[in-house]
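Here the protein sequences come in this chain order: F and X. Under this note's numbering, think of the first position of the first sequence as 638, with each following residue one higher. Under this note's numbering, think of the first position of the second sequence as 5, with each following residue one higher. Data first, discussion second: the structure below is written as structure tokens.
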Amino acid sequence: FPVAPEAEDEGKNLQLVENYLQNFYNLQRDHQPHLKKGENPLAAKLKEMQEFFGLQVTGKPDLDTLEIMKKPRCGIPDIGQ
Amino acid sequence: YVFTPGNPKWKRNNLTYRILNYTPKMRRADVNEAIRKALSVWSNVTPLTFRKVEDKEADIMISFAYRDHHDNSPFDGPNGQLAHAFQPGEGIGGDVHLDEEEAWTKDGRGYNLFIVIAHELGHSLGLSHSNDPGALMYPTYSYTDPKEFLLPQDDIDGIQAIYGQSNAAVQPTGPITPQTCDPNLTFDAITTLRGEIIFFKGRYMLRKHPARTETELNFISLFWPKLPSGIQAAYENVERDEVLLFKEDKYWVLRGYDIAPGYPKPIYRLGFPKTVKRVNAAYSDETTGKTYFFIADRYWRYDENKKSMDHGYPRKIVSDFGKIGRVDAVFQKDGYVYFFHGTTQFQFDPRAKRIIGQMKSISWFNC
């Protein structure tokens, strides 16, 4: 069956979020969100990004966060080297 | 502002640059000019100088590159990542790479080359991304008319912290990004727009939606690239679903969210005498169909149905609205009129014809 558009969006959004955090917030590419104890590294990095852009720090890819991630930008990371 | 980790900086003030190749999307002369102007953004506020070289190794090598260009940071095609640059240092240090697949332009279409290169040169000189949304070193692209571009204070502070001040007798200063809860915040103009309130300040607009606690800060140019910064007056004609925006002796009309074609037009079309050079503030009373224009210590009244100024105007503001002084900005909401004079806000009841409240200018921002 064709994937329901919403589910498809969700997958696409998650890919966008992961790529964004890997490119600009030093999210390790091999992060294992479900194996490590403690906070999900992706959520932690997402909070860092939300704090940087003055968004509400939710750790969740809400609409405002996705909107910023879709904006054209500089290729240099926002944190670290 | 943020320094690049490790605080790299050039050991010399006299730097060289070289343009390795050109994008076919712009005239060569326009690319040269965009780069020259982008370099002057930084040399104007520091002791740094930039000399163009043609064929040898330069400190800052500028090139347009395509996808994987062998620096471990491949470009991603149109949009997304527009460019990147390397921190000060030998070899690739200081170099600027621009994604050839972007629509490079010298105006507001596509991506303005001057703005992007000026940002990347900040990296070439040792700055990282700033979280000040008005800073040039803010990571996301936003267009500003190059003719109106002023390096924001946040960037000036950052680059001068690395290289020191410029040798100019008068130190240049830059625009400061408005902070919604700054008690000293004043406004150029305010209008309602389809239930929201838009506060204009310099090149910014603060947008307050009644259902959201936070206030959104954007560049005016983000929504309306054709509008200038420094809007001086604005009002909404709710019946016509229009907002009129004023600067000097011209005005624009927003229909819905778009600038109507054929604008700006001279304000004299509305019936102002030639002695009037600008409008300070305006609001339109939805119930009476009358629009009030405030200029210096007087005001005019315009009949939206007759499309002409009422007779017997201008009148003195103080005689009909009380001691509110010069009006910077004004808007009407829920039947009350809110006058802004500096950091003071007066609530005026047009039925009782008197001031019924006084607040701070930032009272709308849930500080």
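By construction, the Cβ of each residue, glycine as well, lies at the ideal position given by its N, Cα and C atoms.
According to DSSP, residue pairing for Lys-60 (chain X) in a beta bridge does not occur.
Put simply, the CB of Arg-710 (chain F) is near chain X, with a gap under 8 Å to one of its CB atoms. Assignment of Ser-288 (chain X) by DSSP, reduced to helix, strand and coil, places it in the strand class. By a beta-carbon distance limit of 8 Å, Asn-284 (chain X) does not contact Gln-351 (chain X). Their separation comes to about 19 Å. Here Arg-207 (chain X) is buried, its C-beta having at least 16 other C-beta atoms within 10 Å. DSSP places Arg-259 (chain X) inside the beta strand (DSSP E), whose first and last residues are 254–259. A distance below 8 Å separates the beta carbons of Tyr-306 (chain X) and Phe-297 (chain X). Judged by DSSP secondary structure, Trp-14 (chain X) falls outside any alpha helix (DSSP H); it is assigned neither H nor E. Contact annotation for Asp-715 (chain F) against chain X: His-133 and Pro-143 [CB-CB distance below 7 Å, chain order]. Interface annotation, Gly-81 (chain X): not in contact with chain F, CB-CB separation never under 8 Å. Within a 10 Å sphere around the beta-carbon of His-133 (chain X) sit 16 or more other beta-carbons, which makes this residue buried.
Ser-146 (chain X) is positioned such that its CB atom lies no closer than 8 Å to that of Ala-89 (chain X). With a cutoff of 8 Å on beta-carbon distance, Thr-190 (chain X) and Pro-137 (chain X) are scored as not near each other. With respect to chain F, the C-beta atom of Leu-86 (chain X) has a partner C-beta closer than 8 Å.
Linking Gly-275 (chain X) to Gly-112 (chain X) through their CA atoms gives a straight-line distance of about 33 Å. Excluding five sequence positions before and after Tyr-657 (chain F), the CB atoms of its chain that fall closer than 7 Å to its own CB belong to Met-706, given in chain order. Restricted to the region 148–204 of chain X, the alpha helix (DSSP H) segments that are unbroken, complete and at least 4 residues in length are 157–167, listed in chain order.
Chain-ordered, the chain X residues with CB closer than 8 Å to the CB of Gly-691 (chain F) read Asn-135 and Pro-137. Contact annotation: in the region 60–79 of chain X, residues whose CB is within less than 7 Å of a CB in chain F are Ser-77. Between Val-654 (chain F) and Leu-692 (chain F), the C-beta gap is not smaller than 8 Å, which leaves the two residues out of contact.
At least 8 Å separates the CB of His-213 (chain X) from every CB of chain F. The beta carbon of Asp-99 (chain X) is closer than 8 Å to those of Ile-64, Met-65, Ile-66, Ser-67, Ala-89, Phe-90 and Ser-128 in its chain, skipping five residues each way along the sequence. Between Pro-9 (chain X) and chain F, the shortest Cβ-Cβ separation is below 8 Å. For His-123 (chain X), the nearest CB of chain F lies under 8 Å from its own CB, placing it at the interface with that chain. Interface criterion not met: the Cβ of Ala-42 (chain X) is under 8 Å from no Cβ in chain F. Within the region 215–241 of chain X, the complete alpha helix (DSSP H) segments at least 4 residues long are 224–227, listed from N- to C-terminus. For Asp-103 (chain X), the secondary structure class from DSSP, reduced to helix, strand or coil, is strand. A Cβ-Cβ contact shorter than 8 Å links Arg-358 (chain X) with Gly-326 (chain X). In the DSSP assignment, Trp-304 (chain X) falls within the unbroken beta strand (DSSP E) covering 302–307. Distance from the CA of Asp-103 (chain X) to the CA of Thr-50 (chain X), rounded to the nearest whole angstrom, comes to 28 Å. Residue contact check for Tyr-115 (chain X) against chain F: a CB pair falls below 8 Å. Within the same chain, Tyr-5, Val-6, Phe-7, Thr-8, Met-141, Asp-159, Gly-162, Ile-163 and Ile-166 come within 8 Å of Leu-131 (chain X) by CB-CB distance, once the 5 residues on both sides are set aside. Collapsing the DSSP output to three states places Leu-703 (chain F) in a helix. Close CB contacts of Gln-175 (chain X) within its chain, under the 7 Å cut and outside five residues either way in sequence, are with Gln-169 (chain order). Our two residues, Asp-301 (chain X) and Met-30 (chain X), have alpha carbons roughly 50 Å apart in a direct line.
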